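Undergrad: So that we are looking at the same thing, I have put the structure below in structure tokens.
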Amino acid sequence: MATTTLTPAASAYRSGLYAWLTTTDHKKIGIMYLINSFVFFFIAGLMVLVVRAELAQPGLQFVTDATYNELFSMHATVMIFVFIIPILAGFANYVVPLQIGAPDMAFPRINAMSFWMLPLGGTLLLLGFVTGGAAAAGWTSYPPLSEDRPLAAIGSGQDLWIVGLVLIGTSSILGAINFLVTIFKMRAPGMTLFRMPILVWTVLVTSVLVLMATPVITSALIMLFIDRNYGGSFFDPRVGGDPILYQNVFWFYSHPAVYVMVLPAMGMISEILPVFSRKPLFGYKAFVFATAGIGALGFSVWAHHMFTTGAVYLPFFSLMTFLIAVPTGVKMFNWIFTLWRGKLTLATPLLFALGFLSMFLIGGIDGAFSAAVPVDFALHDTYWVVSHLHYVLFGGSVFGVMAGFYFYFPKMTGRMLNETVGKLQFVLMCSGFNLTFFPMHELGLAGMPRRIADYSSAAGWNDLNMLATIGGFTIAASMIPFLWNVFVSLRSGKPAGDDPWEANTLEWATSSPPPPYNFDHLPEIRSERPLFDLRHGRTAGH
Amino acid sequence: MSSSPRTRPTPGTVVTVSAVLLLIALAAAAVALGFDPLGGAQGFVTGLYPPVAVTEQGARIRDLYTIVFLVAAAIFLLVEGLIIWSVIRYRRKPGDDTLPAQTHGNNLAELVWTIVPSLIVVGLFVVSWQTLNAVDTAAADPETRIRAVAGQFQWQFDYLSDDGQTVLYTQSQAAGEGGGMAVPAGRTVQLTLTSQDVIHAFYVPQFLFKRDVVPGRVNQFDFKVNASDAGQTFRGQCAELCGTGHRIMLFEVHALSPADFDAWLDAKIAEANPTPPPPPSGEAGVTLEVSALNVAFEQASLTAPAGAPFQIVFDNQDSGVPHNVAIHKDLPTGEEVFKGEIFSGPDKRTYDVAPLEAGAYAFVCTVHPTMTGTLTVE
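Order-wise, the sequence lines are chains A and B.
Taken in order, the first sequence gives residues 1 to 542; the numbers are from this note's numbering.
Taken in order, the second sequence gives residues 543 to 920; the numbers are from this note's numbering.
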């Protein structure tokens with residue numbers, strides 16, 4: 001008799017941990033992306049707590065100069081490359097196939113490989129701490145400093161940093177190809193490009209950015225590796241190299257990387273605001289074009305990180321940097337007019353989304369100061385820039401991640417997170433965040449440079465630094481209700497049902513969590529809100 | 543705020559309202575701090591405003607900051623106001639299951655909020671470009687030329703002749719008693735920046751200006767300290783991560799009246815050259831000729847007398863390539879007993895070498911360890 005049932009031994013073998021470690025299911029891989037990213041988020045967060053403790057008062061109290069340089073370099077590297085970029089890729093991994101009505105990613109095995117490169121790459125980055133010193137030349141690792149010449153201050157950790165980042169970059173490239181093929185080839189019948197959820201659009205544009213930019217930084221990293229280990233002369237001016245070349249190549253990737261870090265978060269915000277306003281996204285097509293515009297302009301602004309080098313054609317990069325504010329502004333107005341005359345339910349995902357709007361607004365406006373080149377001469381490489389970048393990457397991306405986490409947790413686990421605890425986390429995180437980073441604007445204007453372990457008490461920076469440190473520990477405290485909420489809700493959270501938020505898109509048309517093949521059947525797709533059409537009838541939305 | 547019927551606030555409402563209040567407080571603080579300096583006696587913390595500029599160029603940058611700040615504050619208040627208003631006004635009432643109007647967009651509104659911001663940013667660009675042209679200059683004939691040389695982890699200031707070719711005096715102490723870079727207030731100073739090793743940045747907060755000091759590249763900019771600021775000292779600091787001593791790369795700028803500056807510089811020059819320099823090749827001195835071409839020394843071996851000072855005339859013929867001559871005991875990797883100044887060719891330097899004991903030595907280029915030769919001292 002023919003049967004497809006596995007023998008009992010085989011099915012037992014394929015359960016539990018083994019099933020997770022060998023899975024090619026995009027949903028399990030997506031969840032592993034989230035878990036891995038949060039682990040590295042906590043590691044990099046602990047590093048920066050030491051940094052903030054050190055800066056609370058003048059004098060060196062906790063670490064040496066060398067350790068301090070390792071801590072802030074690795075904080076930024078890990079946060080950017082092993083937390084923000086991968087966690088957004090994780091959300092995309094989980095949600096995109098569901099949103100377009102596909103059973104999985106186009107290349108499930110490559111998808112698993114992309115994921116497994118991340119814990120490996122992240123571990124390589126951190127290994128420096130136990131092999132005589134992690135990378136300590138900043139996350140930018142400008143040569144000649146990062147080339148260990150002429151002062152032997154940077155050890156083998158810098159090589160581990162290079163190898164780790166090349167691995168993580170390869171993971172990103174494979175992921176980008178996978179997303180592009182999935183989005184172009186695996187959409188359900190009726191899902192035309194302009195009926196795709198905005199999150200899918202932002203992942204599409206992000207994948208194009210990753211695909212075009214990541215090979216460029218990989219080349220910079222490999223040149224740095226050759227210079228360091230085989231006596232190359234790409235970036236060493238004493239043997240005919242040019243340190244500015246590295247900066248151009250590095251930022252040609254690393255500025256678009258800012259959009260890699262924020263576009264998918266914008267995509268999640270654009271899913272959340274309509275759901276909790278009970279309205280469609282205002283100006284869907286304008287939003288799509290603005291996203292594509294940011295992606296295109298994003299490749300022409302890299303040298304605004306180099307205004308003070310004296311090696312940049314300043315007016316061009318100034319103009320392009322100002323111009324990129326326009327599509328970003330279009331999005332901001334689209335979001336606000338999605339809320340406008342809506343019926344808002346202030347659940348935790350919406351609170352974090354509103355936090356995103358307000359904090360990203362400040363981060364974006366800060367950008368206009370740096371685009372004005374002479375003002376950037378004053379602000380560059382001071383704490384003002386530290387403030388600006390955290391308003392974009394923490395106030396923007398991390399608030400977006402939290403909004404997405406509260407929004408998608410019920411779909412991923414079948415259980416709701418606790419609303420009251422969620423709101424407590426939001427209030428702690430929002431106030432801690434502003435307490436940390438708002439004073440840094442003033443520190444930077446008052447002349448405090450980045451990346452210094454200590455400062456004179458005569459400089460007048462004491463109080464603001466103390467405020468920032470208190471804020472930093474408040475952010476850390478906000479992680480306690482977060483973790484508590486996750487652990488308790490996983491065990492005893494309220495059952496979510498298929499569609500707890502009355503949402504619009506296909507992922508809510510299947511069970512929570514969805515079956516391995518995602519859908520038993522798909523609703524008709526006649527607009528960008530198939531579930532809304534199903535619930536209210538197709539004419540209600542028009 | 544809302545004109546709709548009141549309902550009993552839920553715990554969620556209280557939390558939300560406090561978050562909203564926090565944002566309003568932030569907005570208010572942002573505006574207030576910008577106009578309300580809270581700086582201490584010695585610090586320059588002036589809220590959301592840069593310190594008062596002490597150079598002509600810095601004052602123009604501060605004016606530009608004011609324009610950008612006002613536009614930014616207006617946009618922030620407008621947009622944040624819209625967000626807060628939407629949250630307060632458009633709350634869903636408990637039990638309200640009706641849908642709001644399903645507005646998909648408005649072409650006119652979208653056109654307006656594309657075009658108006660475009661005009662604003664292009665306007666800001668034009669204004670900042672004008673300021674840039676005024677502040678980022680290098681005059682052909684500045685009144686004073688100074689060269690700042692940065693290295694891990696100190697600054698050195700060379701006072702140059704009017705043609706910029708000769709070093710009149712080198713201030714090797716960057717801060718503290720008797721140190722610091724003295725500049726004439728009211729005169730245009732052209733500062734040239736060179737690095738001996740990694741990238742540094744010359745940053746004086748009260749200039750509202752910084753410029754990177756990039757190895758292999760000569761950066762320069764002009765500044766003119768206000769005549770009224772003569773007698774003041776300004777704090778400066780390296781602003782580009784340069785290693786473990788980054789934070790100690792401090793320096794001071796002393797603004798002197800032009801008369802005081804001239805007197806100071808003359809005194810320093812006289813002090814540095816108490817007697818005329820000795821003749822190039824003295825009575826008993828030996829002069830060795832070394833030249834470098836195509837990243838190699840032309841001489842394979844040299845001989846020098848033991849126990850007597852001698853000179854090396856080093857001719858670096860490699861255009862744009864830095865070389866020097868250093869002497870190591872026994873082997874090229876041995877203990878360094880002399881290190882000549884590194885400079886780019888084509889150029890010549892004369893090194894004075896202190897007496898050496900008899901024995902075998904190697905001469906090498908510090909920059910290119912493959913460039914070696916032998917030196918016999920007997």
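Every residue, glycine too, gets a C-beta built ideally from N, C-alpha and C.
Source: prediction; values computed, not measured.
Going straight from the alpha carbon of methionine 448(A) to that of leucine 641(B), what length do you get?
TA: Using only the alpha carbons, I get a separation of about 52 Å.
Undergrad: Measuring CA to CA, which of Gly589(B), Thr597(B), Arg602(B) is closest to valine 375(A)?
TA: That would be Arg602(B), whose Cα lies nearest to the Cα of valine 375(A).
Undergrad: Rounding to the nearest angstrom, what Cα-Cα distance links methionine 191(A) and isoleucine 525(A) in this structure?
TA: Straight-line Cα distance between these residues: approximately 6 Å.
Undergrad: Kindly indicate which three-state DSSP category lysine 423(A) falls into: helix, strand or coil?
TA: Helix at lysine 423(A).
Undergrad: Which residue spans inside the stretch 711 to 754 of chain B form an unbroken beta strand (DSSP E) run of at least 3?
TA: Whole beta strand (DSSP E) segments, 3+ residues: 723 to 726, 730 to 737, 742 to 746.
Undergrad: Give the residues from the stretch 746 to 757 of chain B that approach chain A closer than 7 Å (Cβ to any Cβ), ordered along the chain.
TA: Per Cβ criterion, the list reads Pro747, Leu750, Phe751, Lys752, Arg753, Asp754, Val756, Pro757.
Undergrad: Is glutamate 147(A) a contact residue of the ligand PLP, with contact defined as CB to any heavy atom under 6 Å?
TA: Absence of the ligand PLP from the depicted structure is noted, as is the absence of any ligand whatsoever, leaving it without description.
Undergrad: Quick one: which residues of the stretch 779 to 796 of chain B get their C-beta closer than 9 Å to a C-beta of chain A? List them in chain order.
TA: If the cut-off is 9 Å between Cβ atoms, the stretch 779 to 796 of chain B has Gln779, Cys780, Ala781, Glu782, Leu783, Cys784, Gly785, Thr786, Gly787, His788, Arg789, Ile790, Leu792 near chain A.
Undergrad: Distance check for threonine 382(A) and valine 50(A), CA to CA, integer angstroms please.
TA: One C-alpha to the other measures close to 20 Å.
Undergrad: Give me, in chain order, the residues of the same chain whose beta-carbon lies closer than 6 Å to that of alanine 900(B); leave out the 5 immediate sequence neighbours on both sides.
TA: Result list for alanine 900(B): Ala848, Val919, Glu920, in chain order.
Undergrad: Taking the C-alpha atoms as reference points, what is the distance between aspartate 604(B) and leucine 666(B)?
TA: Reading off the sequence, residue 604(B) comes out as arginine, not aspartate. Their backbone Cα atoms lie some 14 Å apart in a straight line.
Undergrad: Bridge partners of isoleucine 557(A), per DSSP?
TA: No answer is possible for residue 557(A): the residues shown for chain A start at 1 and end at 542.
Undergrad: Rounded to whole angstroms, what's the CA-CA distance from threonine 182(A) to leucine 204(A)? Just pull it up for me.
TA: Each residue's alpha carbon lies about 10 Å from the other.
Undergrad: Within 10 angstroms of its Cβ, does cysteine 907(B) collect 16 or more other Cβ (buried), or is it exposed?
TA: It is buried - the Cβ of cysteine 907(B) has at least 16 other Cβ atoms within 10 Å.
Undergrad: Quick one: which chain A residues come within Cβ less than 8 Å of tryptophan 655(B)?
TA: The answer, in chain order, is Gly329, Val330, Phe333.
Undergrad: Quick one: is aspartate 860(B) buried, meaning 16 or more other Cβ sit within 10 Å of its Cβ, or exposed?
TA: By the 10 Å Cβ count, aspartate 860(B) comes out buried.
Undergrad: How about proline 410(A) and proline 523(A): are their beta carbons less than 7 Å apart?
TA: Contact: no.
Undergrad: Do threonine 214(A) and serine 172(A) have their beta-carbon atoms positioned less than 7 Å apart in this structure?
TA: Yes, Cβ-Cβ distance for serine 172(A) and threonine 214(A) is below 7 Å.
Undergrad: At 4 residues or longer, what runs of the alpha helix (DSSP H) sit wholly inside the stretch 768 to 838 of chain B?
TA: Qualifying alpha helix (DSSP H) stretches, in chain order: 800 to 814.
Undergrad: Is it buried or exposed for leucine 34(A), if we count other Cβ within 10 angstroms and need 16 for buried?
TA: With 16 or more Cβ atoms within 10 Å of its Cβ, leucine 34(A) is classed as buried.
Undergrad: Pick helix, strand or coil for glutamate 878(B), following the three-state DSSP scheme.
TA: Here glutamate 878(B) sits in strand by DSSP.
Undergrad: Along chain A, in chain order, which residues have C-beta atoms closer than 8 Å to that of leucine 606(B)?
TA: Correct list: Ala372, Pro374, Val375.
Undergrad: Any beta carbon of chain B sitting closer than 7 Å to that of glycine 283(A)?
TA: Chain B contact via Cβ: present.
Undergrad: Report buried or exposed for isoleucine 294(A), applying the criterion of at least 16 other Cβ atoms within 10 angstroms of its Cβ.
TA: Counting Cβ neighbours within 10 Å, isoleucine 294(A) comes out buried, since at least 16 surround it.
Undergrad: Flag this pair as yes or no: are the beta carbons of phenylalanine 744(B) and valine 756(B) separated by less than 7 Å?
TA: No; because the gap between Cβ atoms is not below 7 Å, this pair is not in contact.
Undergrad: Is the shortest distance between the beta-carbon of asparagine 761(B) and the beta-carbons of chain A less than 7 Å?
TA: Chain A, which has a Cβ nearer than 7 Å to the Cβ of asparagine 761(B), makes this yes.
Undergrad: How is leucine 124(A) classed by DSSP in three states: helix, strand or coil?
TA: In the structure shown, leucine 124(A) sits in a helix (DSSP, three-state: H, G or I).
Undergrad: When we look at the beta-carbon of glycine 342(A) and count the other beta-carbons within 10 Å, is it buried (16 or more) or exposed?
TA: Under this definition glycine 342(A) is a buried residue.
Undergrad: Should glutamate 840(B) go down as buried or exposed, given a rule of 16 or more other Cβ atoms within 10 Å for buried?
TA: So glutamate 840(B) counts as exposed.
Undergrad: What does DSSP give as the partner residue(s) for alanine 296(A) in the beta ladder?
TA: Note: alanine 296(A) sits in no beta bridge, so no partner.
Undergrad: Determine, using beta carbons only, whether proline 449(A) comes closer than 7 Å to chain B.
TA: Yes, contact with chain B.
Undergrad: Can you name the residues of chain A whose CB is closer than 9 Å to the CB of phenylalanine 618(B)?
TA: Going along chain A in sequence order, the residues near phenylalanine 618(B) (Cβ under 9 Å) are Leu361, Ile362, Ile365.
Undergrad: Is it a yes or a no for the stretch 756 to 775 of chain B touching the stretch 231 to 242 of chain A, going by three-plus beta-carbon pairs under 8 Å?
TA: Short answer: they touch.
Undergrad: For glutamate 622(B), return the contacting residues in chain D, with the cut-off set at a CB-CB distance below 9 Å.
TA: This model lacks chain D altogether, as its protein chains are A and B.
Undergrad: Report yes or no: do three or more beta-carbon pairs, one from the stretch 420 to 440 of chain A and one from the stretch 472 to 492 of chain A, lie closer than 8 Å?
TA: Yes, since at least three Cβ pairs between the stretch 420 to 440 of chain A and the stretch 472 to 492 of chain A fall closer than 8 Å, the two stretches touch.
Undergrad: Would you kindly check if the distance between the Cβ of glycine 267(A) and the Cβ of isoleucine 177(A) is under 7 Å?
TA: Not closer than 7 Å, so no.
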